[in-house]
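Visitor:
Protein chains in written order, with the numbering used here: chain A, 529 to 803; chain B, 529 to 803.
#1: Taking a cut of 8 Å between CB atoms, which residues from the stretch 746–769 of chain B lie near chain A?
#2: Say whether chain D places a C-beta atom closer than 7 Å to the C-beta of residue 778 of chain A.
#3: Anyone know if the C-beta pair for residue 649 of chain B and residue 690 of chain B falls short of 7 Å?
#4: With a CB to CB cut of under 6 Å and the five nearest residues on each side skipped, what residues in its chain are close to residue 738 of chain A?
#5: Could you tell me the distance, in whole angstroms, from the CA atom of residue 639 of chain B to the CA atom of residue 557 of chain B?
#6: Residue 697 of chain A to residue 565 of chain A, Cα distance in whole Å?
#7: Should residue 755 of chain A be labelled buried (16 or more other beta-carbon atoms within 10 Å of its own) or exposed?
#8: Quick one: which unbroken alpha helix (DSSP H) runs of 4-plus residues sit fully inside the stretch 620–667 of chain A? Chain order, please.
#9: Can you list, in chain order, the stretches of the beta strand (DSSP E) that have 3 or more residues and sit fully within the stretch 739–788 of chain A?
#10: To the nearest angstrom, how far is the alpha carbon of residue 763 of chain B from that of residue 601 of chain B?
#11: Contact criterion: CB-CB distance below 7 Å. Does residue 668 of chain B meet it with respect to chain A?
#12: Expressed to the nearest angstrom, what Euclidean distance is found between the alpha-carbon atoms of residue 652 of chain B and residue 591 of chain A?
#13: Is it buried or exposed for residue 536 of chain A, if we count other Cβ within 10 angstroms and need 16 for buried?
#14: Would you identify the three-state DSSP class for residue 689 of chain A, choosing helix, strand or coil?
#15: Look at residue 687 of chain A and residue 545 of chain A and say whether their C-beta atoms are less than 7 Å apart.
#16: Taking residue 655 of chain B as the reference, give the member of B:753, B:531, B:555 with the closest Cα.
#17: Pick from A:562, A:692, A:627: whose alpha carbon is nearest that of residue 657 of chain A?
#18: Name the DSSP bridge partner or partners of residue 592 of chain A?
#19: Could you name the residues of the same chain whose beta carbon sits closer than 7 Å to that of residue 568 of chain A, not counting the 5 residues immediately before and after it, in chain order?
#20: Which class does residue 719 of chain A belong to by DSSP, given the choice of helix, strand or coil?
#21: Counting only Cβ pairs nearer than 7 Å, list the residues of chain A close to residue 784 of chain B.
#22: Does DSSP classify residue 530 of chain A as helix, strand or coil?
#23: DSSP three-state label for residue 614 of chain A, please.
#24: Kindly list, in the order they appear in chain A, the residues whose Cβ is closer than 8 Å to that of residue 790 of chain B.
#25: Answer with yes or no whether the minimum CB distance from residue 734 of chain A to chain B is below 7 Å.
#26: Taking residue 779 of chain B and residue 673 of chain B to be in contact with their CB atoms under 8 Å, please state how far apart those CB atoms are, rounded to whole angstroms.
#27: Around the Cβ of residue 711 of chain A, are there at least 16 other Cβ atoms within 10 angstroms (buried) or fewer (exposed)?
#28: Go ahead and pull the three-state DSSP assignment for residue 708 of chain A.
#29: Which of the residues in the stretch 553–571 of chain B, read from start to end, lie with their CB under 9 Å from any CB of chain A?
#30: Kindly indicate the opening and closing residues of the beta strand (DSSP E) around residue 677 of chain A.
#31: Tell me which residues share the same chain as residue 597 of chain B and place their Cβ nearer than 6 Å to its Cβ, disregarding the 5 neighbours each side in the sequence.
#32: Could you tell me the distance, in whole angstroms, from the CA atom of residue 671 of chain B to the CA atom of residue 770 of chain A?
#33: So which residues on chain B does residue 696 of chain A lean against when the C-beta distance must stay under 9 Å?
#34: Could you pull the DSSP bridge partners for residue 724 of chain B from this structure?
#35: Listing by chain order, which chain A residues have their CB less than 7 Å from the CB of residue 662 of chain B?
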């Protein structure tokens, strides 16, 4: 049982909760809570910490099969990022696909992956961890095939981002791109149509045909897409808005676009424009 | 110029930043930042505080026409709820419509209000302030006509909720309901169809006709709708999901439903089911 907050591994956990650099050096990230720990693929579980109290209540959980380490309740509070810690926390190995894998659908864990046309979210300088995590969660539910992020996006391994994914971080293939301009080129070469979500888009999002390979470029919360990125898209689309609303939350905008793809692909024979 | 954090009004501002009770006793709430303060309807502005530095940069802003009070940079940091305060903060009078007004579309600030069929969001025990604020923002953009909240929802005047509305809190009519069961009855009496967003819904959300009066019941983030509330709905709908995703973020689910309404009403002659 670890009972001291000066234990070096506990200090490392705290560093990983706070800093992307510490996470990247260790090649790990932290997940908390029973629901999230249950989603960790066994081969990626590096360390598992529990309080005695938590273990007593949940000892039958299969997640304990590969071992665990006890920490005192006091130490657990120290290493936890949440206000009311449950008493279970894991250090998990990071894993990102290559851009080629994501574009090719190789990262898809599902059997039908190869039969599914690409449906990819490309994120340019996204900054809010809650938004990023929510996009992962929504992307999985909408049947998206992958997410590609510019390197200056907020870290998906940030604890708040991880929590917001609700486990989709383990199932949604994702990659980092050094240059989104090259990413867009690669997406087009692979036969995908690239749409920029843009307030100045001249097409309504629901008047486009997303049944074949589709990628959406989504920009920063405050500033939208960088000009040079948006300019590489095939088509600029917008979501028609009422009232005096100037824009939508980025995760909301992404959700509306991805579920329009989902809608069209559920009834592929029936697509027609309304205008 | 207020230079002391023991100034009673500064203490009251801090209390209002932290506690719903303090806000309700004063009948006020706090908004921060130039963008949000600009959105405050003049008749609802109660107090306006700025730093000298902020004022020097923005003195031509029309918001200063009705007066302002200077506070020192140090005091401003004390009263601000944000990490990097801009230097402008207002205390604003609270205002909620009655449930009848929201159902009747009377609260709508827009000229076309009476011509628009109702499109109402009913929120049951929503707990996340960011989600609530985002729903207000999305509702305005989707052309919704109002929001009705159970009294145990998180306070819309919570600073994080207010920020997430991006100003829609001033434009989207909303009301509190003592009993959602009665609310649902009133919605039906007024000719609206009431849909429960439910994981066990037996209809896909995009196969229903929302061109006439429509209300959506949205439940708590973790537990969904209370049984007795969901049971009062006319129809249970769900958003079809792929992968292992168990649910969507509540604000995302509400956005997908509201923008389906928006989509159908933009092309009212063309609705048809896909199945």
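Note that the Cβ used here is the ideal one computed from N, Cα and C, for glycine as well.
Only a predicted model underlies this, so the values are computations on that prediction, with no experimental measurement involved.
Guide: From the atom records:
#1: 767, 768, 769
#2: Among the chains of the structure shown, chain D does not appear; the protein chains present are A and B.
#3: no
#4: 789, 792
#5: The predicted model places residue 639 of chain B with a pLDDT of 46, which falls under 50 and marks its position as unreliable, so this point remains unresolved.
#6: 12 Å
#7: exposed
#8: 627–632
#9: 742–746, 763–766
#10: 54 Å
#11: yes
#12: 34 Å
#13: exposed
#14: helix
#15: yes
#16: B:753
#17: A:692
#18: Beta-bridge pairing links residue 592 of chain A to no other residue.
#19: 559, 618, 620, 698
#20: coil
#21: 783, 784, 787
#22: strand
#23: coil
#24: 768, 770
#25: yes
#26: The pair is not a contact, with the Cβ atoms about 18 Å apart (cut-off 8 Å).
#27: buried
#28: helix
#29: 567
#30: 674–678
#31: 577
#32: 5 Å
#33: 771, 772, 773
#34: B:745, B:764
#35: 777, 780
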